[in-house]
Each structure stands twice: as C-alpha cells, then as structure tokens.
Amino acid sequence: MPTTDDFDITETYLKFLEEDSEMTMPIAAIEALVTLVRVKNPTTAAEVINLIKSGAEVLVKSIPNSVSLRAGCDIFMRFVLRNLHLYGDWESTKQHLIENGQLFVSRAKLSREKIAEIGIDFVSDDDIILVHGYSRAVASLLTHAANRFIRFRCIVTEARPTSQGKQFYEFLQEKGIPVTLIVDSAVGLIIDKVNKVFVGAEGVAESGGIINRVGTYSVSVLAHNAKKPFYVVTESHKFVRMFPLAADDLPMDRKILDFSRIDSEASLLSGPTIDYTAQEYITALITDLGVLTPSAVSEELIKMWYD
Amino acid sequence: MSSQSMPSLVHNNNPHAVTEIEVSIDSFIAKLKRRQISGSYIIALETLQLLKRFISAVRWSNVNELIAQIRELGNRLEKANPTAFGCGNVIKRILAVLRDEIEEDMRESINAGSSTSASAANLNDRNSTIGNATQAEPLIASMFNLLQKPEQNSQDFYESKSKTKTDFRQVVIQAIKDLIDEIKNIDDGIQQIAIDLIHDHEILLTPTPESKTVLKFLIRARERANRTFTVLVTEGFPNNTQNAHDFAKKLAQHDIETIIIPDSAVFALMSRVGKVIIGTKTVFINGGSIVSSAGVSSVCECAREFKTPVFAVAGLYKLSPLYPFNVEKFVEFGGSQHILPRMDPRNRLDTINKITDYVPPENIDIYITNIGGFAPSFIYRIAWDNYKQIDVHLDGKQK
Amino acid sequence: MSEPVVEIKPSGENAPQVPADSNEKKLTNKELKELKKQEKAAKRSAKKQASGISVEQQQAQAQAKRDKKQHQREKQQQELQKKEQQQQKLLNNKNVKKTSLFSHLETTEERRATLLAIGSALNSPRAARITAAGLMVPVVASALSGAKVYTTSNLGNNIQAISESSNQANEGADTTLGNNVDLAKSLASISLENNEVSVVPGVSSIIPHALKKSLDTPELISNIKELLINKDFIHPVISSLTFNLAIYKIVGSIPRCIAMLEAFQIVIQDYKTPKGTTLSRNLTNYLSHQIDLLKRARPLSVTMGNAIRWLKQEISHIDPSTPDNEAKLDLCEKIGLFAKEKIELADQLIIENASNQIEDRSTIVTFGSSKVLTELILHNAKVLKKDLEIIVVDSRPLFEGKKMAAILRENGVKVIYTLITSLDTVFNMGVDYVFLGAHSILSNGFLYSRAGTAMIAMSAKRRNIPVLVCCESLKFSQRVQLDSVTYNELADPNDLVPIDYESPMERRSNKGILLKQFVKERHENTVRIAKENAPKGNKQQQQQQQKNKNAKDRHNKSDEANGKEVDAEQSENVLDDWQKLSSLNIVNILYDLTPPEYIKKVITEFGALPPSSVPVILREYKGSA
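Below you can see the structure in the form of structure tokens.
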C-alpha cells in the first residue's frame, strides 16, 4: 500500500490553483492526481485504483470546500476505471495521462470558450443581466458577448461573505461592460428590472440542481417568483454524483447555524459559503455539451457511471 | 439564398439532370417563400421527394462532398422560409443517417485493418469529431471528452474503402423512403398511445383545429375505442376560425359531442375541461413547441393555472434540433386586414395579428409521438437520437 | 308535420332532386340547383316555342309533366317527411340546443321566443289570444320570412304546426305587416339573417317551438302568459329599450343602466295613478311590469339591479300624501341625481384616483371597451399630457374594443389593436399596467366581466404585470359566485357562425342587406303565391310566374356578379346548418369570473381597494343609500 507520506497531494492541488488563476478546482484536482500517479508510478491496476482512491480521499478531506474538486476526482477515477476495464491496457492509459496533463488544462479552458460560443444566443441587445458570485464561465460568456458587440448591462451582487462580487464588478468594468454593484439584500428590489439571471456553479448535482456561492438559492427563488429565466453557466466536468435534498446534505466548511458563537464581530457573519439550488428554479444549464435542461445532467452522469 | 450558388457546387457530368433538378428546387423555394405551401406534413413530404430527386441528380466524388451538397440544399430551403421547420428537420435526419453509415463503414474498415486497443481508442477520437458528442459511442460519456487522448485531424483522413458511392446513394435513398413511410404512418402510432390517455365522458379542449392528427385521433377514439366524450373547440379568430368550424363539423358528423367556443371563453370553461389536446407544428429541443394557431399559448397557460393536463401530439419529424432562443423570431405574424378589414385611412391603427404561437415547455405535460410518449424535459434526448449536433445549423461551415 | 307541405312548395321546385339527407348541404346549393333547373325549363320552353309547339300545347305538356312529378314528389316527400320527423323528434328531445354544461341557463332563443311573443302581442293586440291549445300568437312577421317556405320545407312544417293554415297566415300578413313596429321588425330581421330554420329564433319558426316547449318548460310559457296579460301596462319606451338591449345596440353595464334610468324617467312622467290606490304603492308594481319585460331582453345587469333596488326604495319612501305631480317630479329629479352621483361623479373620482397610478411613458393594456377607461386614458393623454401607449385587446363576437380604439386614435393616442389570441405577444411588449373595466364585482372579490377578462388578468399576473380594475361602486354586487359556469349569460350562438369581422350589432344594423333580403323574400313570396294558384289552371299566372322566375334568376345572378361579399359570406359559412347536427353546439357566453388573486387593485370612487374589501364597501353603501 503506497502512502502519501513523501508526496502531499493537497499541497500540489493548492499549488496548481495558485499558479494558474484560470484553473478550476476540478481540473486542479485532476492535475494533482495525475501528478500523484506520475510520482508514485504504480505498476499494477489494483495499485493504481487504490492510489487514486486514497489520494482523492485525502484531498476531499483536507480541502474545506470540496464539492467542486470532488467532481474532478470522480471523473478522473471513473475514467481510469473505465479504461482499465475496457482495454485492460493500463500502460497506455497511464502513458496518456502522464503525457497529456497540460492538455487537460487547456481543454478545460477551451470548454469555457465553447460555453461562451453556445451561450452567446442567450444574451441579446438591451438585456439587463443579474450575476451572482464570480464565475469564470459567466465571465467568459459575458466577455465573448461584449466582444461581439452585444449591448447589455449587468447587475452584480456583492456575494457576501466572500465578496467576489466586487472582483467581478471590476472585471466587467475593465471589459467595458456597463455594470453596477448591489448588496445581496437588494436583489428583490431590482429583480423586476432584470431580464435574466446568470450564475456559475461549484458543482452540478445529479438532479440538475446546483451547488454554488451562498445566496444563489435566494436569487433563484426571487427570479422564479418574478418569472425571470435563471441560467447556470458551467463546464460539464463540474457535474458531480451527489443528490442533496437541501443545503443540509452538503459538505459544509462551517456549521449552517451556530448559536454558541459569541466571539468577534467578523466571525459573527461568516456562515457557510455555499448553498444548494434545486433544479425547479433553473431554466437551463449552459454547458460545453450544449444547452441542457436540468434533467439532462442526470443523463450525463448516468451515462458515465452505468454502462 | 441566391440560386446561383448551387450550380457551382454541382459537377457537370450530367448537365441536363442537374438543370432539371435546379428548376424544381427553385420552384419549391419560390413556393416556400410565398407561403404557398403550408402544413408541416406536406412540407416534410415534398422536401423528401425533392431530396430524393436531388440525390439522384447530383454528382459527387466522395461522401463528404455529398454531405456538403445536402447541407447546402437544406440551407437554401431553410432560408426560403425560416419558419417551415419541416424542410430542415427531414434533411437533418437524412444527414444523420448518412453520417451513421459513414461511421459504421469507418469502423468496419478499421477493424479490418487492425484490432488493437489503439485503434479502438482512435475510433473514439473520430467519434467525437464526426458524430455529435452526446450521441456517438454508447460507452464513452461526453464528460470524458476532457480526458480523451489528443485528437487527430480525422476530417481528411477518412476515405471510403469498403463502400462505394452507389452504396451511399442507396443508403440515402432508402433512408428517404423509410422517412416518407414513417411520416405517412405517423397517426397510427400516435393514436394507439393517445387513446389510452382519455377516459369515457371526459371533456376535452383543443385549441388547434387545423391539426389533422388531432382530428384523426379523436375520431378514432370515438369509433374504434367507442369512447364518448365532449370536445370543446376554440375558434382561433381570425386566422383559424374556418378550420375550427370545419373541424367541429367533422367531429359532430362522427357523433362526437362538439362545442365551439370563442377564444375568450377558455378561462371560463377550463375548470370543466379534463384534458387539453394540442397539435404541434414544430417541437424544439427544450420541449417547447410552435403551434400553427394563435392563442394556444394562452390556452395552455390557463390549463397550467387550472392544473389541467396538456398533451401535445407530434410526429417524430416535427422535432427540431434547434433551441428557441428568440421566440419572436420563430413566431409568424400576419397583416392587419384580418383584424381590422375596414380602417379609417386617416387614423390607422397598429395591429398585431399572430398566426403561429409558441408554447413553452412548462405548459405542456406530455408529448405523444409515434414512437411513444415523452415528457418535454426528455425531448432533447429523442432529438439527439435522430439528429447530429454538427448538422443543427446548416448555414455554418462544417466544423 | 303534416302532408300539406307539398302544396306550399312551389311547383317549380323539384323536391325529389333534393335527397333527404341533404340537410347537411348548404342551402345555397339547393337554391342554385333549383335555379339551374328553372333556367333549363325556361330554355326548353323557349326552344319548344321556336319549334312550333303552341303555348297551350306546351302548357298542357308541362301540366302533365308536373302532375307526374307531383306524384313522384309526393311519394318521396313522404319518405323525406319521415326522415324529417325523425330528425324533428331528435330536435324536440333536445328542445332548444343546449349544452349540458349550460343547460341551467336561459338561451337567447328562449329569450327571443318570449320577447317575440310579447312583441307581436304588443303590436297587434287584436291578433293575440290565448286559445284552448295554449298560447296563440299569429305570426306577425310570417310575411317577412314566410317566403322562406320556398326554400325550406322544414319551415313549412312549422307553419303547418300552427293551428291556422299557412294561407291564412300569409294573407293576414299584409295587414299585420302594417302594424309592425321596431321590435317585431328587428327581431324578425334577426331571424331573416339566419338562413337556417328549425330552432332559429325566427319569427315564424320559433313560436311553434316555444309552444311545443310549453310542455317542457311551463315556467317559460307562464312567463309569456303573464307578460301578455299585463301587456297593456307596458310603456312604449320600455319596449323600444328592450329591443335595443336585445340586439346589443346598447351594451356595457353603465350605458345600459343609464338608458334604463332615462326610460324610467319618461315612464314615471307618463304614469297616472289608478283610482283607489296611491303612487307610492302602485308605482312600484307598475315598474315591475316594465322590468319584467326588460328582463326578457337580457338578464338585468348588476348596475340595473342596483339602480332598480334604489328606485323602489325611493318610491316606498314617498309620503302618500304628496300630490302625484310633485312626487313624479321629485322622483325624476332623484333619478337624475342618482345617475350623476353614482356614475358621472364616481367616474371623475375614479379617473382622478387612477391617474396617479399611471406614469408617463407607460404601456397600458385594456380589454374590450369601457366608458370610464376611455375617459381615463383621454384625460391622461390630453389633459395631463402623458405619453401613453395603449394596447386594446378585443374578442369575438362583439368587438367592443374597436370603438374604444377608434376613439383613442382619433384623439391622437398611440393605439395598438389586437385580438385576444395574440395575448402572449402583447405581454412581451413591456406592458406596465393592465386596466380592466368591470361588469360587476361580487362580494367575494371576484370580478365578473366580459368573457376573456379572466384570461388577460391571469396572463398578466403570471408575468408580474399589475392588474387594476376601474369600477364604480354601483357595480358592486351582494352575490357570491365561484366559477363562470354557474351563472352566466348566453348570447346568440349564431353570432359565432359567420366568420367575418363585424359584430352582430353592426351586422344587424346593416340596413342595406336587410332591405335586400326583405325585397328578395317578398319577391319569392309573390312568386310562391302565384305558383300556388297556378295548378288551378290559371295559365296567365303561370306564365307570369315563369317570367318572375327568370327575372329573379337574372336578379340573383347580377347580385352575385356584383360580388356582395357580405351576402356571400353569410350564406357560405361552414356552420350555417349547425343546428342540424345534433352533436354540434356553439356556446357563446358573455361573461367570466376573475379570481381576486389576479387583481392587484380595484379603483372606485371610494379610493383604491384590494378586491377583498368589496363587502366592506357594500355594507357602507347600503348604509348610505
């Protein structure tokens, strides 16, 4: 049984994320696992499976917000298993994985471009688009639309407690897209003026619901109530085999409710950073596989896991 | 679409046949443009007939060229009348059959060459280029694209080895014949499923009196299954009233209790309606559909409000691989003369006269097609079974 | 259905030519065939004459032929009649066509039957009497449509069904014709438009039906009887108002109410208290007779009901010692005040209140036509100079919105006119408000208004567009109702038969067509009478008849050539013979019920309220009144 004592997968993972700001968590996880395989260089199929399994476990445990990277681990695991089963040819698979590590990264970026291409039809002139949280997929879609001279305006929420909204606001301003920043609690106030809502996703659950920045759920319910289309822009490698019924089922970095804490002001307001949005609030998912209805997500996952 | 672009593509081995087909294409396009031909059923059949003649007439040196030419034809037809989806749909289906055939042929030729795992892996790559990603290989989930081996540029790589040109032509002609058969026999398949969906003494409402499928199905339910039921028919004023009256009369003549109601009375009566039946013109990939009678979307909205089930009947050929991004682009509008025949010339009023209508997927409960009943959320799957992603837009270049 | 039908049939008509099952065919086909036949006959005779056969010989030949044909015809006529009888039975079973859904509501036919009976009774009192067989109303306008016998044997049966012979009726027609006033004439004209026979609210056809029906619906016939007994009390103003209401000349609950109040003012002025009673006691009773007749035109609107209730209360408050003249003057004044306060001033308050709602540069959707809404929009556009875009949604068959759109357009307001089928598009155009008029608001907060209102309110609600209802408190009703089917008003299903763009009202008031039709009928009538006399051996007449026929042919042809589209349209509708298909029904309901959850706000003269506050206002209103 090889252990990870001389190789810290978590560190590798974090390093990947740090080095490339464009890299998403699932891709970083895949890259980390590839590195693990390369370093350990297992010789038998059983060894490989155990190695990846334990590596993924360590990774999931050590990273607080693990939904997204879990998707990466899942897909990697599945791919390795499938190839081993199908062809019984471990060597060529290993060779492929090790040699093409960088390719995966570029493909992931390519898939965002593909999303932008597919999703461009969803942005039309004179639209007012509400965006919650910072999503690279949404950013790439909006940039693409702006480059195509579609004239639209954006409303960005602050997205507390991570305050990614500010970051996204600056990004859009830089791109020359008319944008305004609002506090999260003002969504209900402006939802009637909005034409559509775009959000990214940390992970897409099997039901087609999404796990994303906290606040997404509230925005989606408000949009649903106001009969505004709510689109999720995400890469297909974020589909994850989970079926949460509510936010309770998610792996949380913090307790959802903590009545005991009475310490500093800052920690008073820092609850969990993700929530779960059920599929009935989602109009469509714009992915690199095309525009999917939430039910199509489950099909993709089924195809991957059962054959 | 200019009609001049075509001859350049067509090789001149048989100029006579080519010009002949060119003439019939032009006349068909002219008919489409002038909206002289209507009804998705007729459009689909006529497109297939035209395609059949086209296939026999055109000259091509390899299969990719044939595909390019069929696409070109499809593009011209689609441009002629962007709301006559029937043309595009059937052409895209024939293309899908052709692409499947190429794929199979390729697999055979590769298997004949070597049978190592490497070639199998190669095959996977090619699948992702030739076929559409979600469709291609049952074993390879599209999510794995991310981890696939580097793609080879297989577009030029392929050359038919085991099959000759005549084989492919045969395949296409056969596919066209099969599709014509399918379209002609669509009602039987639909009726068998649909009849089981209505019960005795039910009150049905249909806002699409122009649908032959609905008419045939209701009559059959009355005569074969011997159900007694009441049908409410909305008038669809102003463009569809004639049809509605004809429809109601035909039903009544078959001893079906029929009631004609004005469009405004739908809400008042919806509480008494057991099911709403609509015929469709086109079904989009999101499960929404275009119907050729204005006011249907309001009727379906009412039904949704009253939780009355709405079932739509649609032949498989009405499925379109398009996504209705901009509904207003697909909905047709007519002139004002049907709304205000006599207008004060000094104070002309602006009018809106919708001819077709878009029903969003959330207002439809189920689609009954000739191959079974499907929820709107599953329509995308049925569509990808029959179309290739690469052929969704015929105007773009082949990727 | 008795045999003599044959006799009324013109000899030129070849009945066997028409197969028994031709009921499904259009009448015009029959007519055309006939005309062709006649033409041929005329040609033949001309030929014969040319070939030297004398007129006498020819006539003898013709006579022989005719006799032979007559035989044949009688035979086939019997078969035909059998089938007809069966059909008639079918129809009788159903009485008047009613859908099971609305069988509890009074149909227009029933209403018209009553109205007609009374109308004719009012206008030709000497002819009306109650016989042992039941109600006997000589058919006033049988002369108008009696000629239709020519084309439809069915109608002939109906005439036969009256205990008097058709000949007598026809002869009497000329005299009764002179007595015709508006009511009968117009109602007759309504029937004239309907080329169909059996249950059409036609003059000659409906009465026997009403009679037959008496077995089934005793209350209806007793209604008629009662009204007939009291017919002497009915004021002419009321009968003309009744007629105007019945043909939708006056529509909308407020105009109807105003018209009624004005009529009452005249009635009260003309009223004379009989000896031995007082005004305060007898006037109410007298008015009740008027109201009974009014009710026959259309069910009373809520506004009318409220106004009547108020008026009766006022009358009962009159001090019996007041001199009649003074009391009458006082009442008329009060009626005027009532109308001013409850309608005119209320509208002003509503407009003031609603104007605060309307922002500059907004898009407003309205449905149909509403007096207060028209004024509101004009006020905002012209006085307050707001830049508004109005989308008028309209619906079959009354097309009330046309009028409103035209008025607004004339005043320079941006107007888009559309039909309810395009609703989806309308609400995608960035609509800010939906303003609706009301027929009535029920005490459970439901809005009772013209059919289609509920659909618009629902669509708007689903798109988060606020729905505002402008409504005088006069329209508040004590009634509660849960759905549109339980209480409603059935309009004439025949209004939906022609597929054109005219409202029934316009169609009816289109004098040219009616006149033409009338002339045609008269012409046919004379021809028919001539024909009837013909078999008695009057050769000259026969010749004349032939001439007439030819003339008519020519006349018809030139008519067709002129391309009178409306005429053609009217006779070529798919559903012209819908009554013959026992399983075909047309439902033309006038109102529907909008649940309160679709309505954001009700604007009344008491201010803006949520629909749930209607009963509160009702209590207040009752207290103040």
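Chains as they are written, first to last, in my numbering: chain R, 356 to 662; chain Z, 2 to 400; chain S, 693 to 1317.
A virtual CB, placed ideally from N, CA and C, is assigned to each residue, including glycine.
These figures come from a predicted structure and were not determined experimentally.
{"Item": "Residue-level contact to chain R via CB, residue 375 (chain Z), 9 angstroms cutoff", "Value": "no"}
{"Item": "Per-residue DSSP class, three states only, for residue 335 (chain Z)", "Value": "coil"}
{"Item": "Where residue 1071 (chain S) sits in the DSSP three-state scheme", "Value": "helix"}
{"Item": "Min CB distance residue 397 (chain R) to chain Z below 9 angstroms", "Value": "no"}
{"Item": "Residues near residue 330 (chain R) in its chain [Cβ-Cβ closer than 8 angstroms; skip 5 each side]", "Value": "Residue 330 (chain R) is absent from the structure shown; chain R starts at 356 and stops at 662."}
{"Item": "Expected contact under 8 angstroms - CB spacing of residue 1144 (chain S) and residue 265 (chain Z) to nearest Å", "Value": "3 angstroms"}
{"Item": "Interface flag, residue 1098 (chain S) vs chain Z, CB-CB below 9 angstroms", "Value": "yes"}
{"Item": "Integer Cβ distance of residue 510 (chain R) from residue 459 (chain R), believed to fall under 8 angstroms", "Value": "Going by Cβ atoms, the distance from residue 510 (chain R) to residue 459 (chain R) rounds to 34 angstroms, so no, they are not a contact pair."}
{"Item": "Per-residue burial, residue 330 (chain Z) [other beta carbons within 10 Å of its own, 16 or more giving buried]", "Value": "exposed"}
{"Item": "Integer-rounded CB distance, given that residue 1023 (chain S) should sit under 8 angstroms from residue 960 (chain S)", "Value": "5 angstroms"}
{"Item": "Where residue 85 (chain Z) sits in the DSSP three-state scheme", "Value": "coil"}
{"Item": "Contacts of residue 479 (chain R) in chain Z (Cβ-Cβ under 9 angstroms)", "Value": "326, 327"}
{"Item": "Cross-strand partners of residue 1300 (chain S) (DSSP beta bridge)", "Value": "S:1295"}
{"Item": "Cβ separation of residue 358 (chain Z) and residue 292 (chain Z), assumed to be a contact under 8 angstroms, to the nearest whole Å", "Value": "5 angstroms"}
{"Item": "Exposure of residue 1 (chain Z), with buried meaning 16 or more beta-carbon neighbours within 10 Å", "Value": "The first residue shown for chain Z is 2 and the last is 400, placing residue 1 (chain Z) beyond what the model contains."}
{"Item": "Whole-angstrom distance between residue 320 (chain Z) and residue 333 (chain Z), CA atom to CA atom", "Value": "18 angstroms"}
{"Item": "Backbone CA spacing between residue 873 (chain S) and residue 928 (chain S) [nearest angstrom]", "Value": "With a pLDDT of 45 at residue 873 (chain S), under the threshold of 50, the modelled position of that residue is not reliable, and no figure is offered here."}
{"Item": "Distance CB(residue 1112 (chain S))-CB(residue 1086 (chain S)) smaller than 9 angstroms", "Value": "yes"}
{"Item": "Local Cβ density within 10 Å of residue 384 (chain Z), reported as buried at 16 or more and exposed below that", "Value": "buried"}
{"Item": "Cβ neighbour criterion (16 or more within 10 Å) applied to residue 57 (chain Z)", "Value": "exposed"}
{"Item": "Sufficient close CB pairs (3 or more, under 8 angstroms) joining the segment 201-220 of chain Z to the segment 183-191 of chain Z", "Value": "yes"}
{"Item": "Chain-ordered neighbours of residue 108 (chain Z) on chain R, where CB pairs are closer than 9 angstroms", "Value": "Result: empty, since nearest Cβ-Cβ is about 16 angstroms, beyond 9 angstroms."}
{"Item": "The segment 1151-1171 of chain S touching the segment 1282-1296 of chain S, judged by at least three CB pairs closer than 8 angstroms", "Value": "yes"}
{"Item": "8 angstroms contact criterion, which residue 1114 (chain S) and residue 295 (chain Z) should meet: CB distance rounded", "Value": "6 angstroms"}
{"Item": "Where residue 796 (chain S) falls: helix, strand or coil (DSSP)", "Value": "coil"}
{"Item": "Reduced DSSP secondary structure (H/G/I, E/B, other) of residue 1141 (chain S)", "Value": "strand"}
{"Item": "Helix, strand or coil at residue 639 (chain R) [DSSP, three-state]", "Value": "strand"}
{"Item": "Alpha carbon of residue 973 (chain S) to alpha carbon of residue 1131 (chain S), nearest angstrom", "Value": "32 angstroms"}
{"Item": "C-beta atoms of residue 1 (chain Z) and residue 323 (chain Z) nearer than 9 angstroms", "Value": "Lying before the first or after the last residue shown, residue 1 (chain Z) is absent from chain Z, which here runs from 2 to 400."}
{"Item": "For residue 1033 (chain S) and residue 1015 (chain S), the rounded distance between their alpha carbons", "Value": "26 angstroms"}
{"Item": "C-beta neighbour in chain R for residue 359 (chain Z), strict 9 angstroms", "Value": "no"}
{"Item": "Classification of residue 562 (chain R) by the beta-carbon crowding that lies within 10 angstroms, buried from 16 upward", "Value": "buried"}
{"Item": "First and last residue of the uninterrupted alpha helix (DSSP H) at residue 282 (chain Z)", "Value": "Element bounds for residue 282 (chain Z): n/a, residue is neither H nor E."}
{"Item": "Continuous alpha helix (DSSP H) stretch holding residue 630 (chain R): start and end", "Value": "Unbroken run through residue 630 (chain R) is the beta strand (DSSP E), 629-632; no alpha helix (DSSP H)."}
{"Item": "Residue 799 (chain S) to residue 806 (chain S) span [Cα, whole Å]", "Value": "11 angstroms"}
{"Item": "Unbroken stretches of the beta strand (DSSP E), 3 residues or longer, contained in the segment 449-505 of chain R", "Value": "483-487"}
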